[in-house]
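Working notes for the structure below.
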Amino acid sequence: MSQALEKVFREEYGRIVATLIRISGSFDLAEEALQEAFTSAASKWEHDGTPNNPGAWLTTVAHRKVIDAIRRDKTRTDKQTEIAFESSRLQPYAETELLEEYPDDRLRLIFTCCHPSLVREAQVALTLRTLGGLTTTEIAHAFLVPEATLAQRLVRAKQKIRLAGIPYQVPSLEVIGERLAAVRAVIYLIFNEGYAASAGQSLIRSDLCAEAIRLGRVLCELLPNESENMGLLALMLLQDSRREARVKDQGELVTLAEQDRSRWDAAEIAEGVRLVQEALSLRRVGSYQLQAAIAAVHAEAKHADETDWGQIVALYGELMRVTSSPVVALNYAAAVAMSEGAAHGLDLLEAAGAGGALENYYLFHASRADLLRRLGRVKEAATSYTTALSLTTNHVEQKYIQRRLNELENKE
Amino acid sequence: MKYMLLIYHDEPSWAALSEAERQQVYLEFRKLRADLVASDQFVTGSQLQPISTATTVRVRDGKELVTDGPFAETHEQLGGYFLIEAKNLDEATAIAARIPSARTGSIEVRPLVETVAEATA
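Line by line, the protein sequences give chains A and B. Okay, so the first sequence: first residue is 765 according to our numbering, each after it adds one. Okay, so the second sequence: first residue is 988 according to our numbering, each after it adds one.
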């Protein structure tokens, strides 16, 4: 694919496929037609040059292919009764509808892909495949699952949409809040999979981060003034701004305190901070906004020792009120350790872990070890680092813990 | 589309309700049924006798095997069902959420396999 076409593909795929699904009533038909349209474009555009409005060109061609496919299906219906059911589901369409703008189609698609009757893995795969236009191969690579498994996951999800009658519509007001929360969870999960890859050599798979940020932008564009949507986008931008500084050239993890802040992405920080402020001004606070606000406080400190830990503790306190979870309690404890001393932080950390919910959580043991190290309790610190080491499969995190362990041995 | 709403509940807790409490639940069921009839979404539905009345039939190697009790011991028991007509899954789950037992038990929503004859009619 040429660079021009690649760009159009990235920008237009979700929008066009969403419209085609509405017209055809079928995910498969829409995807096939758009794929064929891109193939036509590849040869046509090279010859005639890129059209003025590439998106409209592709939509027109793909739309025609959808109509052809429906006609073919209808002809076959006479002989093959099985197809009758699928054909009867297809919604009627009007030719004039085509060139109008349908901002809602992508919104319909998002809610269908993230419908709660689909399992989370299927929601993620379907969102990346249809809205993001990623290939099955790309998604399989990003999530380290065999391609056949992922393909099967997509087939099952589309089948469930069809057979269970999952609607292609924006949900009713009574349920839209919960549904939107599910959409945000899917997007943030994609981001996190890219940001802190749970296994493998590379800590960050930046293409997944970029895709999640793009989806976050789409969500903000489609549903403006939703403070948590803005909060999510801000959070992803602010975390992504540290990407370059987070890993050393040798692939080693660098903690927030040790990062070279001149390598942080200033543009992403500026946009993230602006979004957080805008979101908070709407006065509908939520967990993404609070996490983004915390990230913004970090982003605004030129040096680690200039960090306003008091404000971070206050924000974590608020976050505990909104979503009390052991992981939030752990982060709260870590912030208190910075603001009021390691001893106080360790008390809170032990309290957060008392329920046992964090027992298998790598960061709990790594944070505990860090605090014990700072308090000079070397032996206990080493034990906690060793536990942490056994709980992570990420090479970069393993290296970080190993480095800390080596430092402790030198102290003894 | 047609959806079967299978109503699962905990039989012992149902049995433990007072007569007045039970009548209150029945009242809610009758109200829901009347609403569904009025909106043309009601196909059929019924409460089932408790699992103690259940009989299981299997045919193996051509031999009929009739045994006592439900097929499998589960945490919740099938206590009744509604067969409804709904535009899509969201409409079906919204109706399922109005079944009183949804508050204490759970409702399994299953689309019916639609026959070609029905779909093209």
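Glycine is no exception: its CB is placed at the ideal position from the N, C-alpha and C atoms. On a predicted model such as this, the values are computed, not experimentally measured, just so you know.
So which residues of chain B does residue 881/A contact, with C-beta pairs closer than 9 angstroms? Contact note: residue 881/A reaches chain B through 1076, 1080, 1096, using a C-beta cutoff of 9 angstroms and chain order.
Tell me residue 1093/B's beta-bridge partners as DSSP assigns them. The beta-bridge partner set that DSSP reports for residue 1093/B consists of 995/B.
CA-CA distance, residue 975/A and residue 795/A? Spanning the two alpha carbons is a distance of roughly 19 angstroms.
Quick check on residue 869/A: buried or exposed, where buried means 16 or more other Cβ atoms within 10 Å of its Cβ? Buried.
Which residue or residues does DSSP assign as beta-bridge partners of residue 1071/B? Beta-bridge partners of residue 1071/B (DSSP): 990/B, 1029/B.
Who does residue 1045/B pair with in a DSSP beta bridge? In the DSSP assignment, the residues bridged to residue 1045/B are 1052/B.
For chain A, check one thing: does any of its Cβ atoms lie closer than 8 angstroms to the Cβ of residue 988/B? Output row for residue 988/B: interface = yes.
DSSP three-state assignment for residue 1011/A, whether helix, strand or coil: Residue 1011/A falls in the strand class under three-state DSSP.
Assign residue 933/A to one of three DSSP states: helix, strand, or coil. Residue 933/A: coil per DSSP, three-state reduction.
Between the alpha carbons of residue 806/A and residue 829/A, how many angstroms are there, rounded? Our two residues, residue 806/A and residue 829/A, have alpha carbons roughly 16 angstroms apart in a direct line.
Measuring alpha carbon to alpha carbon, tell me which of 1156/A, 871/A, 1141/A ends up nearest residue 1175/A. When only C-alpha atoms are compared, the closest one is 1141/A.
Partners in chain B for residue 935/A, counting only beta-carbon separations shorter than 9 angstroms: Result: 1077.
Determine, for residue 1076/A, whether the minimum Cβ-Cβ distance to residues of chain B falls below 8 angstroms. False, the Cβ-Cβ gap to chain B never drops below 8 angstroms.
Checking the sheet assignment: what are the DSSP bridge partners for residue 1034/B? The partner list for residue 1034/B (beta bridge, DSSP) reads 1067/B.
Assign residue 1017/A to one of three DSSP states: helix, strand, or coil. Strand, per DSSP.
Beta carbon of residue 1107/A nearer than 8 angstroms to that of residue 1136/A: Taking 8 angstroms as the cut-off, the beta carbon of residue 1107/A is found no closer than this to the beta carbon of residue 1136/A.
Contact check, residue 951/A vs residue 996/A, beta carbons under 8 angstroms: Yes; because the gap between Cβ atoms is below 8 angstroms, this pair is in contact.
What three-state label does DSSP hand residue 910/A in the structure shown? Three-state result, residue 910/A: coil.
According to DSSP, is residue 1098/B part of a helix, a strand, or is it coil? Strand at residue 1098/B.
Which residues of chain B have a Cβ atom closer than 8 angstroms to the Cβ of residue 1030/A, listed in chain order? By Cβ distance, chain B contributes nothing, its closest Cβ being about 44 angstroms from residue 1030/A, past 8 angstroms.
Between the segment 921-928 of chain A and the segment 1065-1073 of chain B, can you find at least three pairs of beta-carbon atoms closer than 8 angstroms? Result no; under three Cβ-Cβ pairs closer than 8 angstroms.
In the structure shown, what three-state DSSP assignment does residue 1174/A receive? DSSP places residue 1174/A in helix when its eight states are reduced to three.
Min CB distance residue 1119/A to chain B below 8 angstroms: It does not; no Cβ of chain B falls within 8 angstroms.
Taking DSSP as the reference, what is the three-state secondary structure of residue 780/A? Helix.
Apply the 10 Å Cβ neighbour rule to residue 1013/B and answer buried if 16 or more other Cβ atoms are within range, or exposed otherwise. So residue 1013/B counts as exposed.
Could you name the residues of the segment 911-932 of chain A whose beta carbon sits closer than 8 angstroms to any beta carbon of chain B, in the order they occur along the chain? Of all residues in the segment 911-932 of chain A, only 927, 928, 929, 930, 931 place a beta-carbon less than 8 angstroms from a beta-carbon of chain B.
Output the distance between the C-alpha atoms of residue 1117/A and residue 1035/A, rounded to the nearest integer angstrom. Whole-angstrom Cα-Cα distance: 35 angstroms.
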